Amino acid sequence: MDARIAVPQSREQLWALLAEAAEIEHHLMCCYLYAAFSLKERTDEDLSEAELQAVQRWRQEILSVSVEEMGHLAIVCNILSALGAPAHLVHQNFPIPPGYHPSGVVVKLAPFNRQTLTHFIYLERPDDADVQDGEGFEPPQRYSRALGMDRLMTVCTDYDTVGELYHSISAGLAHLSQSMGERVLFVGNPEHQLDSDVARLPGLKTVRCLRTALEAIDAIVRQGEGADSCSEDSHYQRFLRIGREFDALVQARPAFRPARMSAHNPVMRPPPTPEGRLWISEEPAAALLDLGNALYNHCLRCVSLAYGDVGRPSQIALVAAGIDLMHLLTPVATLLGTLPANPALPQATAGLSFATIRSSAALMGEAGSVDVLVERLHEMSGRCERIMQKHPELVSLLDVTRAGTERLARRLAAQAEQCRREEAAMRATPTNVAAPEHAVAANEAPQPQRLPDGVEIIAGAQVDIVYNGARCIHARHCVLGLPRVFRANTPGAWIHPDAATTEDLVTVAHMCPSGAIGYRRHDGGAEEAPPPVNLIQLRENGPLGVRAQIVLDGEPIGMRAVLCRCGASKRKPFCDGSHNDVQFRASGEPDSIESAALPARNGPLNIDPETDGPLIIHGNVEICCGTGRTIRRMTSARLCRCGGSSNKPFCDNTHRRNGFRSG
């Protein structure tokens with residue numbers, strides 16, 4: 062082994078190196094996001110059409126690398142959890158002070174330009190690459206950190222590349238596994254870790270032993286830091302390709318500038334040491350920076366709690382909330398890059414500072430902690446309202462942000478309530494069964510009572526029909542099954558509840574796949590009960606049909622729904638028939654995947670649509686083809702709704718590349 066590689070001699074020292082690795086990955090992710098948010102978006106920002114297309118490609122590439130850095134951070138947190146430590150999601154505020162990392166690792170927020178890109182290449186360089194750092198990223202001072210690991214307390218160590226840091230971690234894992242034994246070293250509960258069923262991040266797997274820990278580190282090294290210089294998919298090579306394209310565009314037009322003049326190291330308050338920092342004092346940038354940092358910190362808090370003892374459904378809901386918070390953050394951070402920052406530097410625009418808070422430790426793994434997360438989401442929603450009142454020009458952005466935080470609050474509130482239940486499902490049993498009654502002739506349809514959400518209640522003598530036109534996909538079970546009740550092509554009121562027996566009405570309502578037809582009985586009979594088996598059925602070249610006790614975005618919506626999977630619906634997440642217009646093609650009969658029988662087959666089925674992403678499913682469910690054959694039995698899934706996955710009905714992250722938008 063290279064003598065320069067420090068080998069941890071205790072669990073505590075290994076924890077410390079992993080914590081530094083977590084912060085390195087976190088810092089790189091923030092730096093990449095900051096650069097991506099600074100890129101221009103329109104041709105009226107002094108870009109030609111060809112230049113804009115290149116800049117848009119770079120933005121997507123950098124965002125993709127940032128997502129992979131999130132994956133690296135999650136992998137490191139999994140290793141920490143396997144070793145008995147909590148996930149490490151905190152970091153120093155930017156710029157990172159000297160001594161916190163080796164002197165050659167300079168970490169600060171800067172807009173995208175050739176110097177910043179060269180710095181990214183330098184940070185991601187493999188061990189065998191001779192690369193110089195970007196201009197302006199020279200260390201303020203040169204220093205060395207102790208290599209010795211012979212102290213009881215943790216010590217810092219030097220490394221030339223991030224790959225060397227992972228070599229030290231791997232050596233420490235191997236040494237301690239041999240000296241302590243793997244059973245003693247890997248004491249963490251694997252259920253507290255994140256895996257690919259919870260968060261679809263590259264290389265994310267559960268760590269249980271030395272082999273799986275080393276495999277996890279190898280996944281990080283191969284993909285980014287320390288990857289072989291000829292690895293075409295490494296972060297190093299991807300940044301090199303952007304650099305070559307950048308240089309060609311500058312050669313063609315020397316005045317080419319792909320990014321705005323965003324501030325270097327923006328801060329929220331007047332800094333006691335202002336060198337290298339810019340205080341964002343102008344409004345509305347200061348208010349948006351406060352909101353953006355709150356969204357970012359809440360994402361970290363959700364993910365941090367997901368590493369606790371919260372149970373699988375809560376873990377899935379918390380990670381999904383964290384992902385959606387990042388989606389809400391992106392347009393806020395991008396707009397910040399267009400706003401004046403400080404009158405002392407009028408040419409500079411603002412930017413997100415990714416500031417963290419002192420009270421960012423993980424919450425306790427209990428329902429009350431989720432209540433605290435909900436409380437904070439309501440506070441952010443209220444702040445959006447406040448900013449919109451003062452700055453009407455931001456309504457189009459902040460109305461979406463406000464609605465998103467409220468949607469997440471509903472989801473998490475429903476999850477907290479579910480956590481409190483001793484059992485996953487509580488189903489009411491019917492106490493009275495009404496005797497069959499004769500159908501009543503009806504000539505005039507009663508006028509519907511219209512509710513604020515657009516749902517109509519059509520009153521009948523024994524049963525009311527509940528009609529939700531926004532959910533209707535025209536399956537025609539109603540107009541064909543009971544044409545005297547549901548009178549198609551009739552102007553005005555067209556539903557006659559008293560023109561059939563209650564049992565016939567109930568039967569036809571249950572046949573409605575979308576849930577557009579529902580009912581309320583007032584004859585003593587049973588209301589619609591949750592099905593004994595939760596099903597998601599694939600329609601050939603069409604949507605997903607769901608039959609379960611459905612909780613959508615934290616709100617119960619009944620037992621039936623049809624959800625879009627073509628990506629074209631104008632009423633997402635519900636289907637509106639657009640799959641016919643766009644000639645969507647997807648088999649309703651994919652091959653079955655071997656899966657064990659579920660201990661329980663019913664109970665609430667939570668469906669959380671990820672912003673610009675898949676449907677996040679958690680709960681007992683059988684995914685079936687149209688003929689009823691079981692494709693897979695699952696308790697969690699990520700189902701494609703962008704229409705582009707090569708692994709339908711499951712998500713394969715194509716939505717990140719095909720421009721899918723859920724709004």
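Using our numbering, the letters of the sequence shown correspond one by one to residues 62 to 724.
Think of the CB as a built atom: it goes at the ideal place given N, C-alpha and C, for glycine as much as any other residue.
Nothing here was measured: the structure is a model prediction, and the numbers come from that model.
Determine the DSSP secondary structure at residue i, reduced to helix, strand or coil.
i, result
"VAL516", "coil"
"TYR528", "strand"
"ARG511", "strand"
"SER648", "coil"
"TYR368", "coil"
"PRO665", "strand"
"ALA496", "Confidence in ALA496 is poor, its pLDDT being 37 and thus under 50, which makes the residue's placement too unreliable to answer from."
"CYS91", "helix"
"CYS480", "helix"
"GLU440", "helix"
"MET425", "coil"
"THR410", "strand"
"GLN117", "helix"
"ALA135", "helix"
"LEU75", "helix"
"VAL282", "helix"
"ALA658", "coil"
"PHE711", "strand"
"GLN70", "coil"
"CYS445", "helix"
"ILE534", "coil"
"PRO670", "strand"
Taking just the CA atoms, how far does residue j sit from residue i?
i, j, result
"ILE684", "ARG693", "5 angstroms"
"ARG338", "PRO158", "12 angstroms"
"THR563", "ARG373", "41 angstroms"
"GLY579", "LEU613", "17 angstroms"
"GLU483", "GLU73", "Interpretation of GLU483 is limited by its pLDDT of 36, a score under 50 that renders its predicted location unreliable; the figure taken from the coordinates is listed afterwards. The alpha-carbon atoms of GLU483 and GLU73 are separated by roughly 38 angstroms."
"ALA561", "GLU436", "48 angstroms"
"GLY704", "PRO675", "10 angstroms"
"ALA486", "LEU659", "With a pLDDT of 40 at ALA486, under the threshold of 50, the modelled position of this residue cannot be trusted; read the value that follows with caution. Near 15 angstroms, if we compare the C-alpha coordinates of LEU659 and ALA486."
"GLU293", "ARG299", "7 angstroms"
"LEU310", "ASP713", "33 angstroms"
"GLY733", "GLY576", "Only positions 62 to 724 of the chain appear in the structure, and residue 733 is not among them; the question remains open."
"ASN708", "ARG690", "18 angstroms"
"ALA232", "PRO156", "30 angstroms"
"GLY680", "PRO593", "13 angstroms"
Is the beta carbon of residue i less than 7 angstroms from the beta carbon of residue j?
i, j, result
"LEU255", "ALA382", "no"
"HIS152", "GLU84", "yes"
"LEU605", "ILE618", "no"
"SER99", "ARG321", "yes"
"VAL682", "LEU666", "yes"
"HIS133", "ILE281", "yes"
"VAL569", "HIS557", "no"
"ILE384", "HIS228", "no"
"ALA277", "VAL268", "yes"
"ALA402", "ALA324", "yes"
"ARG722", "PHE635", "no"
"LEU397", "CYS360", "no"
"GLU616", "ARG471", "yes"
"SER442", "GLU478", "no"
"VAL524", "ARG582", "yes"
"PRO69", "LEU78", "yes"
"LEU356", "LEU389", "yes"
Identify which residue in the options has its Cα closest to the Cα of residue i.
i, options, result
"LEU262", "GLY233, ALA207, THR215, MET131", "MET131"
"MET362", "LEU438, HIS325, ARG548, VAL245", "It is worth fixing the name first, because residue 362 is Arg in this sequence and not Met. Looking at the Cα atoms, LEU438 is the closest of the given residues."
"SER164", "ARG206, PRO327, ILE140, LEU170", "ARG206"
"ASP221", "TYR528, ALA77, HIS162", "HIS162"
"ILE123", "ILE182, LEU75, ALA143", "ILE182"
"LEU366", "SER442, ALA402, HIS149, LEU275", "HIS149"
"GLY664", "SER420, PRO69, PRO591, VAL643", "PRO591"
"PRO172", "ILE377, THR399, ASP188, GLY369", "THR399"
"PHE198", "LEU184, GLU185, VAL167, ARG175", "VAL167"
"VAL540", "CYS573, ASN529, GLN117, PRO200", "CYS573"
"GLN202", "GLN476, ARG632, GLY160", "GLY160"
"ARG632", "GLY530, VAL607, ARG600, SER656", "GLY530"
With respect to 6 angstroms, is the separation between the Cβ of residue i and the closest non-hydrogen atom of the ligand NAD below this value?
i, result
"THR218", "Of ligands this structure carries none, so the ligand NAD is not represented either."
Should residue i be flagged as near chain C, meaning a C-beta pair shorter than 7 angstroms?
i, result
"CYS701", "In the structure shown, chain C does not exist; there is a single protein chain."
**OP:** Would you check if the region 403-420 and the region 344-356 touch, i.e. whether three or more CB-CB distances between them fall below 8 angstroms?
**Re:** yes
Original post:
Counting Cβ pairs closer than 8 angstroms, one from the region 92-111 and one from the region 243-252, do we hit at least three?
Top reply: no
Original post:
Is the region 645-656 touching the region 665-678 in the sense that three or more CB pairs, one from each, lie closer than 8 angstroms?
Top reply: no
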